[in-house]
Amino acid sequence: MHGYGQYCPLARGAEVLGDRWTLLIIREMLHGVTRFNELERYLPGISRSVLAQRLRHLTRMGLIEHQDGAGGQRPEYLLTEAGRDLRPVVDVIGTWGARWAFGDPDPAELDPDLVVTWISRHLAREHLPARRVVVQFDVTGSATRRYWLVIEPDDVSVCMQDPGFGTDAVFRADARTLYRVYLGELTLPEAQRSGRLDLQAAPGMAGQVPTWFAWSRFAPAVREGAARRAVRNGPDPG
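When you line the sequence shown up against the numbering used here, it's residues 3 to 240, in that order.
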């Protein structure tokens, strides 16, 4: 983007971060995504040329560094100290967006791949069993899409194919309901009572499964924004 021609910290920060996709690239890297193809997968809609351009820009600005992969591995993009220092900036912008710029989603924004990935990033590990846990998500719609979270004590994977382990719990809901639960607009018990979400768990685990997920850190701001819109526009009939 063009510079503002002002000797001002805000102007300089906007020059570095103001291009489309830049903050979302930083968001993904703050969650540990380091490889080009992974970034492309978690940023649906971005072209490879734009992604490469933004990564070059962030490297020039000193926010990320490019490291060649060892032993034939693919190269990685890692946040520098300056890049990691953007975490509170991302949190503040996301919180503001949840309070003041959020609303009903466009159906095209409800990507099942993304919401299941985001859910996998917000686990309440202190409540998880000290063993492998497998949670299945059946996302309904024109066709049901299935995902499996394979949660190890020190790792988590999102699988598109049955990993072949026993399943501890199955969530079944459409993408909009999963987004609403993840973002905190709808609690899990509310979604279950309304029939929008079905949760099946292994014997004796039904009460434990909801405690395994921390959901979005923007949830309080999302609820605040939803309450403000409800007062202004009347209750949401959905």
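Note that beta-carbon positions come from the ideal geometry of N, C-alpha and C, so glycine has one too.
As the structure is a computational prediction, the values presented were derived from the model and not from experiment.
Tell me the rounded alpha-carbon separation between residue i and residue j.
i      : j      : result
Arg127 : Gly47  : 32 Å
Phe38  : Leu60  : 14 Å
Val52  : Leu80  : 18 Å
Gln69  : Thr36  : 10 Å
Cys10  : Glu17  : 11 Å
Leu112 : Thr146 : 14 Å
Arg62  : Arg230 : 41 Å
Ala175 : Val211 : 16 Å
Arg89  : Leu26  : 12 Å
Gly197 : Thr97  : 29 Å
Arg178 : Gly64  : 38 Å
Thr119 : Leu125 : 11 Å
Arg50  : Pro107 : 26 Å
Thr142 : Val158 : 23 Å
Asp200 : Asn235 : 29 Å
Grab the span of the alpha helix (DSSP H) containing residue i for me, first residue to last.
i      : result
Arg22  : Element bounds for Arg22: n/a, residue is neither H nor E.
Val233 : Ala221 to Asn235
Arg195 : Leu190 to Arg195
Within 10 angstroms of its Cβ, does residue i collect 16 or more other Cβ (buried), or is it exposed?
i      : result
Ala171 : buried
Leu41  : buried
Met31  : buried
Tyr6   : exposed
Leu57  : buried
Pro1   : Lying before the first or after the last residue shown, residue 1 is absent from the chain, which here runs from 3 to 240.
Val233 : exposed
Arg182 : buried
Pro114 : buried
Thr213 : exposed
Val187 : According to the sequence provided, residue 187 is Glu. The question's Val does not apply to it. Under this definition Glu187 is a buried residue.
His144 : The residue asked about is misnamed: residue 144 is Ser in this sequence, not His. Flag for Ser144 reads exposed.
Arg71  : First, the amino acid is wrong: residue 71 is Gly here, not Arg. Gly71 is exposed by the Cβ-count criterion.
Gly85  : buried
Gly15  : exposed
Leu12  : exposed
Could you give the first and the last residue of the continuous beta strand (DSSP E) run that contains residue i?
i      : result
Asp200 : Leu199 to Ala203
Tyr181 : Run containing Tyr181: none in the beta strand (DSSP E); it sits in the alpha helix (DSSP H), Ala177 to Leu185.
Trp120 : Element bounds for Trp120: not the beta strand (DSSP E) but the alpha helix (DSSP H), Pro114 to Arg123.
Trp150 : Arg147 to Glu154
Thr142 : Val135 to Thr142
Ser159 : Asp157 to Cys161
Touch test, the stretch 162-175 against the stretch 135-147, Cβ-Cβ under 8 Å, three pairs minimum: yes
Complete beta strand (DSSP E) runs within the stretch 37-104 (minimum length 3 residues, chain order): 66-69 and 78-81
Touching or not, the stretch 191-208 and the stretch 143-155, by the rule of three or more beta carbon pairs under 8 Å? no
So, does the stretch 213-232 touch the stretch 88-102, judging by three or more C-beta pairs under 8 Å? yes
Measuring CB atoms only, is the stretch 97-107 touching the stretch 21-30, in the sense that at least three cross pairs come out at less than 8 Å? no
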